[in-house]
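Protein sequences appear in the order of chains A and H. Heads up: the first sequence begins at 1 in our numbering, then just goes up one per residue. Heads up: the second sequence begins at 1001 in our numbering, then just goes up one per residue. In this text, a Cβ means the ideal position worked out from N, Cα and C, and glycines have one as well.
2 protein chains.
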Amino acid sequence: MRTQTNSSENVEMYLKTVAELGGCAAPVSIAKVADRLEVTAVSANEMMKRLTDQGYISRIPYKGVELTDIGQVAAYSVIRRQRLWERFIVDNLNMSWSGAYEVSCRLEHATSNVLAEALSLYLGQPTTCPHGHPIPTLAGGLAPLQGRPLSALKKGENGRIEAILHTTTAIFAYFAERNIYPQQEIAVQEIAPLDGPFTIVVEGKTTVLGQSLADLVIII
Amino acid sequence: MRTQTNSSENVEMYLKTVAELGGCAAPVSIAKVADRLEVTAVSANEMMKRLTDQGYISRIPYKGVELTDIGQVAAYSVIRRQRLWERFIVDNLNMSWSGAYEVSCRLEHATSNVLAEALSLYLGQPTTCPHGHPIPTLAGGLAPLQGRPLSALKKGENGRIEAILHTTTAIFAYFAERNIYPQQEIAVQEIAPLDGPFTIVVEGKTTVLGQSLADLVIII
DNA sequence: TTAAAATGATAGGATACCCTTATATTATCA
DNA sequence: TGATAATATAAGGGTATCCTATCATTTTAA
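Encoded structure:
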């Protein structure tokens, strides 16, 4: 009955998550992966064992997991498919920018490489997703994200939003309501002491962002 | 981890198949469903038991299964999602007409109703899929397919192809190579005795189709 | 350096699918 | 009507994924 040509949906979700958490460069804690996927640490550990057996990741006990070469290829393929769908959902279907990640997250697993390439062509071979992240190339390359978090800016500095890091639909919506999304010009008006809230201005709108939200906004 | 709002992929496949085999109007043999889904009769029986418990179908032992009202709503929803994707795949992505069913069959399960409606709007609210079948409406209606099979035509008759009934990608491709797809004008040149092969002409191309292939082509 | 926190491993279950083999029941047709 | 074909059920397994609970090990931080 299955016509599955890629790995299973679950395997893809784990690989993508490891990649998103930086598992191409440095070990990622299994607990973080579990957290993000909303499963228990035990479940994540079991899966990591399976993924290790299948050669997708290498584990360094008590340190975390890293993607192997084939793991990275698989993960980038998933990310490419997702980000292409995000573009379509936002640019063509005019669906909400905040919900695009969630919607595309279902489609990505149902997308063959042939379909992904047809979609890419249709979209004009975009290079970034609506949240500002680079789309991995067909060849498997992924341009690093430029810029630094808003939380690293000083009072009076300004810049352009390059990307919004991965978060929940609710928080994406919170950003969207305040005009905080890629390509917007932003200025830091005030920073409370002790990394306290950042008062910023975007399109004339003043917003106060806490430290953890400010970490999610990448400025260039 | 699951963000599943619809029924599971498998449940959707079973419901869709029952509907495609006519389960909205008359009992459909479980063996036929099993055959189409390429599972054993035992597996299909087990699933039918589950679907009955969940209120999607009613079974008449040794006769077959029929969709209940909620089963029909669910099935038509799946079919709508699939046919909308088929349109996109063929019309926008320029992917092959023959493979569209298979490709869309994966996407349909990853598509929420909200996404389906955005897609429908984007496509200009199409009413038929590329194989000529009506797309169920949002309200759950499904216009019956008009016409009669090519196999019912007499020598010398002609008509327009309305639809191609469900078949494999390979057979869809066989039809496509011979210009046999919806909206084409067709003329029956010769019918061999005993329901024997049908010699037809489409766009100046002469083709000989056996009885079972001729059954799949709906003429109006 | 030791206690707390984080991490990993093991055992025991659950569910939703799938399978084969065997047996029982019903339908159909000669 | 009786044999064959179709259908249904039962028994026994398999896999992938999830869970809780417990215990063991390692890291980290006071």
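Any beta carbon of chain H sitting closer than 7 angstroms to that of V103/A? yes
Whole angstroms are fine: how far does the CA of C105/A sit from the CA of S58/A? Whole-angstrom Cα-Cα distance: 25 angstroms.
Where E12/A sits in the DSSP three-state scheme: Residue state, collapsed to three classes: helix.
At a CB-CB cut-off below 8 angstroms, which residues of chain H make contact with R87/A? In chain order: nothing, as chain H lies at least about 13 angstroms away.
Using a C-beta cutoff of 7 angstroms, does M1095/H count as contacting chain A? Yes - at least one Cβ of chain A is within 7 angstroms of the one on M1095/H.
Residues of chain H with CB under 7 angstroms from A31/A, in chain order? Those do not exist, as A31/A stays about 15 angstroms from chain H at its closest Cβ, beyond 7 angstroms.
Can you list, in chain order, the residues of the segment 1109-1137 of chain H whose Cβ is nearer than 9 angstroms to any Cβ on chain A? H1109, A1110, T1111, S1112, V1114, L1115, A1118, L1119, L1121, Y1122
So L1209/H is in the beta strand (DSSP E); what residue range does that whole segment cover? 1205-1209
Inter-stretch contact at 8 angstroms, needing at least 3 Cβ pairs: the segment 180-198 of chain A / the segment 153-171 of chain A: Result yes; three or more Cβ-Cβ pairs closer than 8 angstroms.
I need the DSSP call for R148/A, collapsed to helix, strand or coil. strand
Could you tell me how far apart the beta carbons of P134/A and L145/A are, in whole angstroms, since I believe they sit closer than 8 angstroms? Contact between P134/A and L145/A holds: CB atoms are separated by about 7 angstroms, below the 8 angstroms threshold.
Using a Cβ-Cβ distance under 7 angstroms, would N1045/H count as near chain A? no
In DSSP terms, what N158/A is bridged to: A187/A
Based on DSSP bridge pairs, tell me the residues matched to T199/A. DSSP lists E190/A, V208/A as partners of T199/A.
Straight-line CA distance for E1012/H to R1036/H? 14 angstroms
Suppose the cutoff is 7 angstroms on Cβ atoms and the five residues either side in sequence are ignored; what does the same chain contact list for R1080/H look like? Beyond the five residues adjoining it in sequence on each side, R1080/H comes within less than 7 angstroms, by CB distance, of A1116, I1135, P1136 in the same chain, given in chain order.
Quick one: grab the DSSP three-state call for S58/A. strand
Look at G1141/H and A1163/H and say whether their C-beta atoms are less than 7 angstroms apart. no
Are the segment 11-30 of chain A and the segment 58-78 of chain A touching by the rule of at least three beta carbon pairs closer than 8 angstroms? Taking 8 angstroms as the limit for Cβ pairs, the verdict is that the segment 58-78 of chain A does touch the segment 11-30 of chain A.
From L1015/H to V114/A, what does the alpha carbon distance come to, in whole angstroms? 28 angstroms
Please list, in chain order, the chain H residues whose beta carbon lies closer than 7 angstroms to that of L107/A. Chain H residues near L107/A: L1107, A1110.
Quick one, which residues of the segment 149-163 of chain A are near chain H if we go by CB-CB under 9 angstroms, in chain order? none
Neighbour-count burial assignment, R1060/H, 16 or more Cβ in a 10 Å radius: Residue identity differs from the one stated: residue 1060/H is Ile in this sequence, not Arg. It counts as exposed.
Under 6 angstroms from any heavy atom of the ligand COA, does the C-beta of E1162/H make it? With respect to the ligand COA, the structure shown offers nothing to examine, as it has no ligands at all.
Let's see if you can read the secondary structure: which residues bound the beta strand (DSSP E) around V217/A? 217-219
Quick check on A163/A: does DSSP put it in helix, strand or coil? strand
My output table needs one value for V28/A: the three-state DSSP class, helix, strand or coil. strand
Starting from E46/A, trace the alpha helix (DSSP H) both ways and give me its first and last residue. 41-53
Would you say N92/A faces chain H, with C-beta separation under 7 angstroms as the test? True, the Cβ-Cβ gap to chain H drops below 7 angstroms.
Using a Cβ-Cβ cutoff of less than 6 angstroms, which residues in the same chain neighbour A1074/H once the five nearest sequence positions on both sides are dropped? L1015
For F20/A, tell me which candidate among Y101/A, H166/A, S77/A, L93/A has the shortest Cα-Cα distance. Note that residue 20/A is Glu in the sequence shown here, rather than Phe. Of the candidates Y101/A, H166/A, S77/A, L93/A, the one whose C-alpha sits nearest the C-alpha of E20/A is H166/A.
Whole-angstrom Cβ separation of L107/A and L1123/H, contact assumed at under 8 angstroms? Contact between L107/A and L1123/H is absent: CB atoms are separated by about 16 angstroms, not below the 8 angstroms threshold.
Helix, strand or coil at T1128/H according to DSSP, with G and I counted as helix: It is a strand residue.
Which one of R83/A, S98/A, A110/A, A100/A has the shortest CA to CA distance from W1085/H? A110/A
Would you mind stating whether L93/A and A1118/H have Cβ atoms separated by less than 7 angstroms? yes
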